[in-house]
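J.:
Numbering (mature numbering (1 follows the signal peptide of the UniProt record, and there is no 0)), first residue to last: -21 to -1, 1 to 431.
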């Protein structure tokens, strides 16, 4: 997040509250929740259908099936031919897409508001009447395997991150890649995808979020018309898969053709379970913003510009997830510097905060950055639908979004220092290193000396 056009901090809570002031909600008899956010700034509407099913719900040997089914959702129903869904959205003057995560699978369309009923009809149709044709599946699974080759197997950084997760998590399904292991994809059948669809794609395992220039009462009536006739069905019990405590540093290295070495350091960290009672995830959000929230943040200022130990450096943390959390530091060393030196420099920055804390000025700027980011994110229909849907996917009510903002603003410098001490602990650390190999047969610089 690098917002340069900051609003006065005292104005931001009111703007965010206004952005989410009027969500209306109903639940149909079949268990489908419908959430409507009216926003009349433009004559458009966005529909998102969220299924509470992601790669974390897969089993060993079937990794990637959630993502494969996402692809198959565009292959038609008895009344809508293969590929026709996208064509009808485009003909309506809209756009559509879909995405699979560890925690959920979601589909969206943004169209002129008068076309919303057609979009609701299309989504309701494929929620229950999808054709999982063996011939279509045979073609689409090849597309998915090629996607895996392009995005992971031929992408050194993605390959490193995949291997890191496989090492960092031993029991929890976050250890498996969302796109699936290649062997699982090669052995997947249309029957596997159909079983996944029949099991999880039911109204009582989904919620619909609609934002835009709409009237919630009219939308509720449309939802009853199109989604109401679909039958709910009992869902399988989801057995909790708890990651055992990590009791020592884990390291993994990946050799692949690349220009630069890459270092990733991932520490186990908490995520929000109770938006009101939890405090550490908010403090970790602030810590990440202080280290890497803007161009003048500590990592960029110290490691890139002053010490020149890193060409690039950053931090990543997501406080909302169904499963366990991690906070990642990552970067590439500068010319003449090694991965070991970069790791030492990153550790030194954390140690500075552990020992000396952060200034009130840093904290104030980080808060302004984070809150402004929230406001700008909610400036679009799609952004509002995403915020509501993702919050719900983690088991937190969208009605807590304002409260989450308040909690961010209440974080103190002492809390930031405390979480730096508590969670940046080598016992929960997993380190990943990309060791670059020649791209064209010519030797590359050696910068991968690692810390053991």
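For each residue, glycine too, the CB sits at the ideal point set by N, CA and C.
Between the beta-carbon of residue 164 and the beta-carbon of residue 127, is there less than 8 Å?
T.: In the chain shown, residue 164 corresponds to position 185, counting from 1. In the chain shown, residue 127 corresponds to position 148, counting from 1. Their beta carbons are under 8 Å apart, which means residue 164 touches residue 127 by this criterion.
J.: Please name the residue in 77, 112, 206 and 168 whose C-alpha comes closest to that of residue 183.
T.: For the purposes of this step, residue 183 is taken as residue 204 along the chain shown, with counting starting at 1. Of the candidates 77, 112, 206 and 168, the residue whose Cα lies closest to the Cα of residue 183 is 206.
J.: Exposed or buried, residue 240, counting other C-beta atoms within 10 Å across all chains shown (16 or more means buried)?
T.: Your numbering for residue 240 matches position 261 in the chain shown. Its Cβ being crowded by 16 or more others within 10 Å, residue 240 is buried.
J.: Can you find at least 3 beta carbon pairs, one from the stretch 152 to 169 and one from the stretch 104 to 124, that sit closer than 8 Å?
T.: The stretch 152 to 169 vs the stretch 104 to 124: in contact.
J.: Look at residue 193 and residue 101 and say whether their C-beta atoms are less than 8 Å apart.
T.: Counted from its first residue, the chain shown places residue 193 at position 214. Counted from its first residue, the chain shown places residue 101 at position 122. Not closer than 8 Å, so no.
J.: Which one of 382, 416, 243 and 269 has the shortest CA to CA distance from residue 143?
T.: Working through the chain shown from its first residue, we reach residue 143 at position 164. Of the candidates 382, 416, 243 and 269, the one whose C-alpha sits nearest the C-alpha of residue 143 is 243.
J.: Anyone know if the C-beta pair for residue 283 and residue 316 falls short of 8 Å?
T.: Numbered from 1 along the chain shown, position 304 holds the residue referred to as residue 283. Numbered from 1 along the chain shown, position 337 holds the residue referred to as residue 316. Result no, Cβ atoms of residue 283 and residue 316 do not sit closer than 8 Å.
J.: With a cut-off of 8 Å, do at least 3 Cβ pairs link the stretch 80 to 100 to the stretch 132 to 150?
T.: no
J.: Taking the beta strand (DSSP E) that residue 230 falls in, what are its first and last residues?
T.: Position 251 of the chain shown, counted from the first residue, corresponds to residue 230. Segment 229 to 236, the beta strand (DSSP E) holding residue 230.
J.: Grouping DSSP H, G and I as helix and E and B as strand, with all else coil, what is residue 317?
T.: In the chain shown, the residue the question calls residue 317 occupies position 338. Coil.
J.: Quick one: is residue 415 buried, meaning 16 or more other Cβ sit within 10 Å of its Cβ, or exposed?
T.: For the purposes of this step, residue 415 is taken as residue 436 along the chain shown, with counting starting at 1. With 16 or more other Cβ atoms within 10 Å, it is buried.
J.: Report the start-end ranges of each alpha helix (DSSP H) in the stretch 313 to 370 that is 4 residues or longer and not cut off at the edges.
T.: 318 to 335 and 339 to 356
J.: Taking the beta carbon of residue 260 as the centre, do at least 16 other beta carbons fall within 10 Å, making it buried, or is it exposed?
T.: For the purposes of this step, residue 260 is identified with residue 281 of the chain shown, where counting begins at 1. With 16 or more Cβ atoms within 10 Å of its Cβ, residue 260 is classed as buried.
J.: What does DSSP give as the partner residue(s) for residue 9 in the beta ladder?
T.: Numbered from its first residue, the chain shown carries residue 9 at position 30. Looking at the DSSP assignment, residue 9 forms no beta bridge with any residue, so it has no partner.
J.: Would DSSP call residue 396 helix, strand or coil?
T.: Mapped onto the chain shown, residue 396 falls at position 417. It is helical.
J.: Can you say whether residue 60 is buried or exposed, counting buried as having 16 or more other CB atoms within 10 angstroms of its CB?
T.: Here residue 60 refers to the residue found at position 81 when the chain shown is read from its first residue. Exposed: under 16 other Cβ atoms inside 10 Å.
J.: Opposite residue 267 in the DSSP bridges: which residues?
T.: Locating residue 267 in the chain shown gives position 288, where the first residue counts as 1. For residue 267, which the question treats as bridged, DSSP gives no partner whatsoever.
J.: Could you tell me if residue 208 is buried or exposed, where buried requires 16 or more neighbouring beta carbons within 10 angstroms of its beta carbon?
T.: Working through the chain shown from its first residue, we reach residue 208 at position 229. Residue 208 should be labelled exposed.
J.: Would residue 47 be called buried (16 or more neighbouring beta carbons within 10 Å of its own) or exposed?
T.: Within the chain shown, residue 47 is the residue found at index 68, counting from 1. Buried, since its Cβ has 16 or more Cβ neighbours within 10 Å.
J.: Okay, do the stretch 401 to 411 and the stretch 244 to 257 touch, 3+ Cβ pairs below 8 Å being the bar?
T.: At 8 Å Cβ cutoff, the stretches touch.
J.: May I ask you to list the residues that DSSP assigns as paired with residue 415?
T.: What you label residue 415 is simply residue 436 of the chain shown in a count that begins at 1. DSSP output for residue 415 lists 235 as bridge partner(s).
J.: Closer than 6 Å by C-beta to residue 198: which residues in its own chain qualify, once you throw out the five before and the five after it? Chain order, please.
T.: Residue numbering aside, residue 198 sits at position 219 when the chain shown is read from its first letter. Counting only Cβ-Cβ distances below 6 Å, and skipping sequence neighbours, we find 15 and 189.
J.: Using alpha carbons as the reference points, say which of 380, 412, 39 and 76 lies closest to residue 220.
T.: Here residue 220 refers to the residue found at position 241 of the chain shown. Ranking the options by Cα distance to residue 220, first place goes to 39.
J.: If you count every other CB in all the chains shown that lies within 10 Å of the CB of residue 78, and 16 or more means buried, which is it?
T.: By 1-based counting over the chain shown, the position of residue 78 is 99. Residue 78 should be labelled exposed.
J.: What first and last residue would you give for the beta strand (DSSP E) that runs through residue 87?
T.: Position 108 of the chain shown, counted from the start, is the residue given in the question as residue 87. First-last of the beta strand (DSSP E) with residue 87: 84 to 91.
J.: Ordered along the chain, which non-local residues of its own chain (more than five positions away) have a Cβ less than 6 Å from that of residue 156?
T.: In the chain shown, residue 156 corresponds to position 177, counting from 1. Only 141 meet the Cβ criterion.
J.: Along the beta strand (DSSP E) that carries residue 26, what are the first and last residues, could you check?
T.: The count along the chain shown starts at 1 and reaches residue 26 at position 47. Taken as a continuous stretch (DSSP letters only), the beta strand (DSSP E) holding residue 26 covers 23 to 30.
J.: What are the boundary residues of the beta strand (DSSP E) that includes residue 75?
T.: Residue mapping note: residue 75 aligns to position 96 of the chain shown, counting from 1. Start and end: 74 to 79.
J.: Would you kindly work out how many angstroms separate the C-alpha atoms of residue 160 and residue 37, rounded to a whole number?
T.: Position 181 of the chain shown, counted from the start, is the residue given in the question as residue 160. Position 58 of the chain shown, counted from the start, is the residue given in the question as residue 37. Going by C-alpha positions, residue 160 is about 12 Å away from residue 37.
J.: Please confirm if the stretch 386 to 396 is in contact with the stretch 344 to 355, defined as three or more CB-CB distances below 8 Å between the two stretches.
T.: Enough Cβ pairs lie closer than 8 Å, so yes.
J.: Given that a residue counts as buried once 16 or more other Cβ atoms are within 10 Å of its Cβ, and exposed if not, what is residue 313?
T.: Against the chain shown, residue 313 aligns to sequence position 334. The residue is buried, with at least 16 neighbouring Cβ atoms inside 10 Å.
J.: Take residue 148 as the anchor and find which of 379, 43, 231 and 392 has the nearest alpha-carbon.
T.: As a working note, residue 148 is residue 169 in the chain shown. Out of 379, 43, 231 and 392, 231 has the C-alpha closest to the C-alpha of residue 148.
J.: Return the CA-CA distance between residue 32 and residue 22, expressed in angstroms with no decimal places.
T.: Counted from its first residue, the chain shown places residue 32 at position 53. Counted from its first residue, the chain shown places residue 22 at position 43. So the two alpha carbons sit approximately 32 Å from each other.
J.: Using a Cβ-Cβ cut-off of 6 Å (strictly less than) and excluding sequence neighbours within five positions of residue 296, which residues of its own chain qualify?
T.: The residue labelled residue 296 in the question sits at position 317 within the chain shown. These residues qualify, in order along the chain: 263, 267 and 306.
J.: Check whether the Cβ atoms of residue 368 and residue 35 sit closer than 8 Å, and answer yes or no.
T.: Mapped onto the chain shown, residue 368 falls at position 389. Mapped onto the chain shown, residue 35 falls at position 56. Their beta carbons are not under 8 Å apart, which means residue 368 does not touch residue 35 by this criterion.
J.: Between which residues of its own chain and residue 63 is the CB-CB distance below 8 Å, once the five residues before and five after are set aside?
T.: The count along the chain shown starts at 1 and reaches residue 63 at position 84. Around residue 63: 55.
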